[in-house]
Amino acid sequence: MWSISTIELVLDSGIRLGGVSMRVVLTVFPTALAVGLSLLLCGAAPPENVLEKITFDDDGNSRTISGRVVVKAQDGGLLVQERDGRLWTVTSEVLGKRVTTTAPFRPEGSEELGRRLAAELDKSVSPGFHVTRTRHYTIVSSADPRFARWTGRLFERLRTAFVGYWKGRGVKLSEPEFPLVAIVLKDRAQFSKFVRIDTKLDPASATGYYSILSNRIVLYDIARIPGQPPAATAVEIQRRLSTAPQAIATVVHEAAHQVAYNCGLNQRLADNPLWLVEGMAVFFETPDLRSRSGWRTVGKVNRPRLARFTDFVRRRRRPGSLRSLVRSDRRFREGESEADAYAEAWALNYFLLRTRRKQFAAYLKTVSAKPVLRWDTPETRQADFEKAFGEDWDELDRVFVKYMSRVRVK
């Protein structure tokens, strides 16, 4: 039996936008970004499709980026998206110059992005980065090329299965606007170095993460064995990973987040309830290392999450647990309740997707339409949920717990 531990990274607790301070919390191992903030915005207009050059003070250094303005706050603060999809918060206090060009905003191509990012990593991390491209992914790696190619194939299979699963349930999805980027480091030591550069935090025992701000997955060659040469074949990679289910499940979990945020299912920097976002990623995280084309384990019973949820129901679950999970992300932030929250989130997604598919699709449509940088109240979250699944919480909870008590691992 195994379980996935989580590490919460806090990025830049002093960010300000629109005159309002916000604490950006990046739960990246293996969770996604959640932003607790309240902003006075000028409106929910769509991003401007004109390329702008924004110069601002970045920790004492002048930085100029080219991108489109996604949000403008009343005091002049900006949320800017670069051509590779990266998001920057530029407050009015640090904003230097804003120049609007006549050129249209166009996403950076995979070849250009890969070449530029490899050159950046050669300087900031270590020489030797190379690029592997697939249909949707740009993988910039210092790991053995065979592992980079294996990773690309794994991610493509997951994406195909992920998109196919939701389309088959009436959920309308879109192609990613930007190339999906994965940075694959050669070993644990280099991964730790990169995490400290990228997040200014200690990676502890992390395997990988997805960042909503950069829109990138970061991981390392988890098939590498210290003192031995890299795995020479895909079969050898899979053999090594078969002994490390926690590591590969974490990588798949993060890849599922990236796909969800780039196909229209979730909106980056919008109020995505963590019970939905995390439960959905756990729903897809069960690895399928044997298939070369499909992903046969989509929606398979997650053994460790089911065991945790069963124990939670027997020992610690209190009345109102379901409603508290829906109304607030608090339980995902507290060490004592975090593992139980993940288990219940998986169980709720599992239950709803099997018993209330149409209602679940309607709920997803509501959540995916949320504007960026606007945080819902617990009352709004509850109302959104009740609109799709009804107002009788006691009955829903009774049916939910009874259904999950009958679930078995096949």
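Its first residue numbered 1, the sequence shown is counted upward by one per residue in this note's numbering. All C-beta atoms, glycine included, are put in the ideal place defined by N, C-alpha and C. Since this is a predicted model, take the numbers as computed values, not measurements.
Name the residue from the options whose alpha carbon lies nearest to the alpha carbon of residue i.
i: Leu-117; options: Val-140, Phe-147 and Arg-133; result: Val-140
i: Tyr-210; options: Arg-240, Thr-243 and Thr-250; result: Thr-250
i: Asp-75; options: Asp-59, Arg-86, Ser-92 and Ser-66; result: Ser-92
i: Leu-325; options: Trp-393, Phe-360, Leu-51 and Ser-192; result: Trp-393
i: Ser-142; options: Glu-391, Thr-233, Ile-222 and Leu-78; result: Ile-222
i: Val-372; options: Gly-299, Phe-400, Ala-119 and Leu-213; result: Leu-213
i: Ala-182; options: Thr-233, Pro-230 and His-130; result: His-130
i: Val-301; options: Ala-260, Ala-103 and Arg-408; result: Arg-408
i: Val-71; options: Arg-333, Glu-285, Leu-269 and Phe-400; result: Leu-269
i: Glu-112; options: Leu-78, Thr-132 and Ser-328; result: Thr-132
i: Arg-159; options: Pro-230, Ser-124, Ala-234 and Ala-281; result: Ala-281
i: Lys-402; options: Leu-348, Glu-391 and Ile-237; result: Leu-348
i: Ala-383; options: Glu-334, Ser-328, Arg-83 and Arg-239; result: Ser-328
i: Arg-406; options: Tyr-350, Glu-236, Lys-200 and Arg-374; result: Tyr-350
Taking the alpha-carbon positions, what's the residue i to residue j distance?
i: Thr-64; j: Gln-190; result: 28 Å
i: Gly-114; j: Gln-228; result: 29 Å
i: Arg-188; j: Asp-198; result: 15 Å
i: Leu-364; j: Pro-176; result: 18 Å
i: Thr-134; j: Arg-315; result: 47 Å
i: Pro-179; j: Arg-318; result: 44 Å
i: Gln-267; j: Asp-376; result: 14 Å
i: Ala-73; j: Gln-81; result: 15 Å
i: Arg-68; j: Glu-48; result: 6 Å
i: Thr-243; j: Phe-283; result: 21 Å
i: Tyr-137; j: Leu-87; result: 19 Å
i: Gly-60; j: Pro-107; result: 28 Å
i: Ser-126; j: Asp-144; result: 14 Å
i: Thr-207; j: Ala-247; result: 6 Å
i: Ala-361; j: Pro-378; result: 21 Å
i: Lys-358; j: Phe-194; result: 43 Å
i: Ala-119; j: Phe-155; result: 23 Å
i: Leu-40; j: Glu-395; result: The pLDDT assigned to Leu-40 is 45, lower than 50, so where the model puts this residue is not dependable, and the model offers no usable value.
i: Asp-311; j: Pro-304; result: 11 Å
i: Ala-307; j: Arg-381; result: 28 Å
i: Ser-368; j: Ala-260; result: 10 Å
i: Gly-299; j: Phe-389; result: 21 Å
i: Ala-103; j: Leu-51; result: 6 Å
i: Leu-265; j: Ile-225; result: 37 Å
i: Val-94; j: Leu-78; result: 10 Å
i: Pro-245; j: Lys-186; result: 19 Å
i: Gly-109; j: Gly-164; result: 25 Å
i: Arg-333; j: Trp-166; result: 28 Å
i: Glu-391; j: Gly-279; result: 21 Å
i: Arg-83; j: Arg-398; result: 48 Å
i: Arg-330; j: Thr-366; result: 22 Å
Under three-state DSSP, which class holds residue i?
i: Arg-98; result: strand
i: Lys-300; result: coil
i: Asp-397; result: helix
i: Pro-104; result: strand
i: Asp-57; result: strand
i: Thr-134; result: coil
i: Arg-318; result: coil
i: Gly-390; result: coil
i: Glu-285; result: coil
i: Ala-119; result: helix
i: Glu-413; result: The structure shown does not extend to residue 413, since the chain is modelled only from 1 through 410, so no value can be given for it.
i: Lys-373; result: Before going further, note that residue 373 is Leu rather than Lys in the sequence given. Note: Leu-373 maps to coil in three-state DSSP.
i: Val-50; result: strand
i: Ala-232; result: coil
i: Ala-383; result: helix
i: Ala-223; result: coil
i: Ala-204; result: coil
At what residues does the beta strand (DSSP E) containing residue i begin and finish?
i: Trp-88; result: 87 to 90
i: Arg-68; result: 61 to 72
i: Ser-82; result: A small correction: the amino acid at residue 82 is Glu; Ser does not occupy that position in the sequence shown. First-last of the beta strand (DSSP E) with Glu-82: 78 to 82.
i: Ile-217; result: 216 to 220
i: Ser-142; result: Element bounds for Ser-142: n/a, residue is neither H nor E.
i: Leu-180; result: 180 to 185
i: Gly-208; result: 208 to 211
Could you spell out the range, first to last residue, of the alpha helix (DSSP H) harbouring residue i?
i: Ala-247; result: 245 to 261
i: Lys-172; result: Segment: none, Lys-172 is in no alpha helix (DSSP H) and carries neither H nor E.
i: Val-367; result: 357 to 368
i: Ile-197; result: 188 to 199
Is residue i near the ligand MG, with its Cβ less than 8 Å from a heavy atom?
i: Asn-302; result: Questions concerning the ligand MG fall outside what the structure shown contains, since it holds no ligand whatsoever.
Hey, is the region 48 to 56 in contact with the region 96 to 114, meaning 3+ C-beta pairs nearer than 8 Å? yes
Sufficient close CB pairs (3 or more, under 8 Å) joining the region 352 to 359 to the region 240 to 260: no
Sufficient close CB pairs (3 or more, under 8 Å) joining the region 162 to 173 to the region 213 to 229: no
Assess, as a yes-or-no matter, whether the region 275 to 284 is touched by the region 335 to 353 under the definition of 3 or more beta carbon pairs within less than 8 Å. yes
For the region 147 to 164 and the region 332 to 342, state whether three or more C-beta atom pairs, one from each stretch, are separated by less than 8 Å. no
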